[in-house]
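Here the structure is laid out as structure tokens; the discussion comes afterwards.
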Amino acid sequence: MTETLGKVKLSQWDALLVESLRSLGWSDEELLRRVEAGELPVDESEYHFDYAQLTHLAGEQPEVFRQAVTQGYQIKYNTIRGIRSWIFVALGKEAELELEEGKEAAEVTLTESEHERLEAVLSFGWRIAGGPSGTEGTGVYRIEPIQR
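Using the working numbering, you'd call the opening residue of the sequence shown number 1 and step up by one each time.
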């Protein structure tokens, strides 16, 4: 398991906001500068992100925000739909959801580096099963709650 002790914790929504801005190609320093200055885009995606929430976080907890952007974070509490959204926003992959009670999971094909990135941010209470299955180093991964 990727080391998550000592990482700052972000809400699932704040993590999505950060990853959405990263998807614009901004460096860590540009992301920090623009959020702190309130120079943020209007989100036209299905999520309708309001990035002003990050400006508020950066103003109230500047070190937490800086550390989350530059050193990584762990999500405080994930939901299955939130995991699907994070995968889409951060990795550009569409995860398939299984929502039947007692079998909730998300399945997605990831590279090993994408798998490690997802594993690093997942909140406690979730596990990732599966692994590389081909010569390209990709595999189908199943993200599911540890306890049902």
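Positions of the beta carbon are idealized from the N, C-alpha and C atoms, including for glycine.
Here the structure is a predicted model, which means the values were calculated and not measured.
**Asked** Short check: CB of E96 to CB of E114, under 8 Å?
**Response** One-based indexing of the sequence shown puts residue 96 at position 96. One-based indexing of the sequence shown puts residue 114 at position 114. In this structure, E114 does not lie closer than 8 Å to E96 by Cβ.
**Request:** Check whether the Cβ atoms of K7 and G82 sit closer than 8 Å, and answer yes or no.
**Result:** Within the sequence shown, the letter at position 7 stands for residue 7. Within the sequence shown, the letter at position 82 stands for residue 82. Contact: no.
**Prompt:** Exposed or buried, what is V18 when buried is set at 16 or more other beta-carbons lying within 10 Å of its beta-carbon?
**Reply:** The residue given as residue 18 occupies position 18 in the sequence shown. The residue is buried, with at least 16 neighbouring Cβ atoms inside 10 Å.
**Asked** CA-CA distance, R117 and D28?
**Response** Stepping through the sequence shown from its first residue, residue 117 is reached at position 117. Stepping through the sequence shown from its first residue, residue 28 is reached at position 28. Between the C-alpha atoms of R117 and D28 there is a straight-line separation of about 16 Å.
**Prompt:** In whole angstroms, what is the alpha-carbon distance linking L32 and R66?
**Reply:** Position 32 of the sequence shown holds residue 32. Position 66 of the sequence shown holds residue 66. In a straight line, the C-alpha of L32 is about 7 Å away from that of R66.
**Item:** Whole-angstrom distance between R142 and W211, CA atom to CA atom
**Value:** No information on residue 211 is available, as it lies outside the stretch 1 to 148 that the chain covers here.
**Request:** Count the other CB atoms, across all protein chains shown, that sit within 10 Å of the CB of S133; report buried if there are 16 or more and exposed otherwise.
**Result:** Looking up residue 133 in the sequence shown gives position 133. Flag for S133 reads exposed.
**Message:** Among the candidates L10, K76, V89, A58, whose CA atom is the shortest distance from the CA of S45?
**Reply:** Looking up residue 45 in the sequence shown gives position 45. For the set L10, K76, V89, A58, the Cα lying nearest the Cα of S45 is the one of V89.
**Message:** Quick check on the burial criterion: 16 or more other C-beta atoms within 10 angstroms. Buried or exposed for R127?
**Reply:** Walking along the sequence shown from the start, residue 127 turns up at place 127. Per the 10 Å Cβ criterion, exposed.
**Message:** I need the boundaries of the beta strand (DSSP E) containing P132, first residue and last residue.
**Reply:** Taking the first residue of the sequence shown as 1, we reach residue 132 at position 132. Taken as a continuous stretch (DSSP letters only), the beta strand (DSSP E) holding P132 covers 126-132.
**Message:** Please state whether the Cβ-Cβ distance between D43 and S11 is less than 8 Å.
**Reply:** Translated into the one-based positions of the sequence shown, residue 43 becomes position 43. Translated into the one-based positions of the sequence shown, residue 11 becomes position 11. No, the Cβ-Cβ distance between D43 and S11 is not below 8 Å.
**Message:** Which same chain residues end up closer than 7 Å to Y77 when comparing Cβ atoms and leaving out the 5 residues on each side of it in sequence?
**Reply:** If you number the sequence shown from 1, residue 77 lands on position 77. Taken in chain order, the residues that qualify are Q12, S123.
**Message:** Given 7 Å as the limit, tell me if F88 has its C-beta closer than that to any heavy atom belonging to the ligand SAM.
**Reply:** Looking for the ligand SAM in the displayed structure turns up nothing, as the structure carries no ligands at all.
**Pick from V121, A68, A52, V69 that is closest to G38, judged by C-alpha positions** = In the sequence shown, counting from the first residue as 1, residue 38 sits at position 38. Check the Cα spacing between G38 and each of V121, A68, A52, V69: the tightest is with A52.
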